[in-house]
Structure formats: C-alpha cells, structure tokens
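> Got a structure here, written out as structure tokens. Questions coming.
Numbering (the working numbering), first residue to last: 83 to 215.
Structure follows, in structure tokens:
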C-alpha cells in the first residue's frame, strides 16, 4: 500500500486528501489465490487475485458481463467492492477523484499501457460519474 506515493507496507493512518494506492501481486503459482483486505472506517472489502483463466471455453456469452468493459465477473465484483469504499466520499472529493482518474486514464493510454488496467480505471471512472450525476 502506498500513501502519497510512499510505500507504507500493510497499514497506515491517512488524512483527508491523501492519495492511497494499493498494489496486489498474484502468486507465481497457477491457480493460487492471493487475498488482501482493505478497511476504511467500518467498511471492509476483500480483494482476490489469481492466474486462473476466466474463460470457461464454452463459447457462451456468459463470460461477457458488460459490453462496455472487457472485464471478468471477478474483476467487476472486486471493482464494485472498491467503489463501495469510494462512494462514502463527499461530492467535492468525488470530483477530485474523477479528475485524477481522467488524468491517469489519459496517461496510460498515451503510454500504451496494459488495456486491462485501463478498463478497470474506466469502470470505476464511469461509476464515479454516474454517482456524481
């Protein structure tokens, strides 16, 4: 976990306006789940990460959870948990967060970054915009 760009390892006390970045690395073993729990006030979200294939090879449309995002059901669930934590912010902080997401998405697109990471940010961005409106 990073607070204002500084690696604080597992836990930290944050203040209004601090920027929090959480990095979760997958195991180097196939199909081994890495788990991390984030708690803010009384809200808790557990994030799981694995190298397991999300496609069940059945050629069904059930692997597509939303036409607008190229994300697995697991990714959508984890992002929704993240958004629950973000949704407690007041409107002025949501506007700042929206601007930060816009800047980060633009930066990643210019760098030809991993499309999965951009999709996750777009998903959260759209949820923030929807909530603000």
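Built from N, CA and C at the ideal position, the CB exists for glycine as well.
Just so it is clear, the structure is predicted and the values come from calculations on it, not from any experiment.
1. Does DSSP classify residue 164 as helix, strand or coil?
2. Count the other CB atoms, across all protein chains shown, that sit within 10 Å of the CB of residue 175; report buried if there are 16 or more and exposed otherwise.
3. Give the range of the alpha helix (DSSP H) segment to which residue 173 is assigned.
4. Whole angstroms is fine: what's the gap from residue 180's alpha carbon to residue 114's?
5. So, for residue 83: in the same chain, excluding its five sequence neighbours on each side, which residues have a beta-carbon less than 6 Å away from its beta-carbon?
6. Do you know how far the Cα of residue 159 is from the Cα of residue 142?
7. Kindly provide the ranges of any beta strand (DSSP E) runs that are 3 or more residues long and lie completely inside the region 94-126, ordered along the chain.
Quick answer:
1. Counted from its first residue, the chain shown places residue 164 at position 82. Residue state, collapsed to three classes: helix.
2. Position 93 of the chain shown, counting from 1, holds the residue named residue 175. For residue 175, the number of other beta carbons within 10 angstroms of its own is below 16, and it is reported as exposed.
3. Along the chain shown, one-based indexing puts residue 173 at 91. Start and end: 173-192.
4. The sequence position of residue 180 within the chain shown is 98, counting from 1. The sequence position of residue 114 within the chain shown is 32, counting from 1. One C-alpha to the other measures close to 34 Å.
5. As a position in the chain shown, residue 83 is number 1, starting the count at 1. 90 and 104.
6. As a working note, residue 142 is residue 60 in the chain shown. As a working note, residue 159 is residue 77 in the chain shown. Caution is warranted here: a pLDDT of 48 is assigned to residue 142, below 50, making its placement in the model unreliable, and the coordinate value is therefore given only provisionally. Cα atoms of residue 142 and residue 159: separation of roughly 20 Å, rounded to the nearest angstrom.
7. Unbroken beta strand (DSSP E) runs of no fewer than 3 residues, entirely contained in the region 94-126, are found at 116-122, following chain order.
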